[in-house]
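In the working numbering, the protein residues as written are 217 to 303.
Where a beta carbon is used, it is the ideal one built from N, C-alpha and C, also for glycine.
Only a predicted model underlies this, so the values are computations on that prediction, with no experimental measurement involved.
See below:
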C-alpha cells in the first residue's frame, strides 16, 4: 500500500527544512574574522602609520582590543559589530 501524496510531500518538506536548519545554525555560529594586510604607499614613520590606521578604524566604530601597540609589535587587533544585511 502506498502512502498518500500529502504524507510523502509533508515528509519531504520536513526533511528539507531540517537540512536548512542545520546549515543555518552552522553558519550563524561561525566567527566572522577578517585578516587584512595594509601596505603604506608613502614611507612614513611606523608610529604615524599605526596612529593613522587606528584613527581610520575608530571613526568606523571599531575599537582596538587591549594589547600593546608599538612599532616593534605591528599587529593591531580591532573589534567591531558587523552590520546585519538587509534582505
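{"Check": "Spatial distance of residue 233 from residue 279 (CA atoms)", "Outcome": "39 angstroms"}
{"Check": "Bounding residues of the alpha helix (DSSP H) (the contiguous stretch that carries residue 236)", "Outcome": "221-244"}
{"Check": "Residues bridged to residue 279 [DSSP beta-bridge criterion]", "Outcome": "295"}
{"Check": "Anticipated Cβ contact below 8 angstroms, residue 265 with residue 271, distance rounded", "Outcome": "Wrong, their Cβ atoms sit about 11 angstroms apart, outside the cutoff."}
{"Check": "Nearest neighbour of residue 292, chosen from 253, 277, 276 [CA to CA]", "Outcome": "253"}
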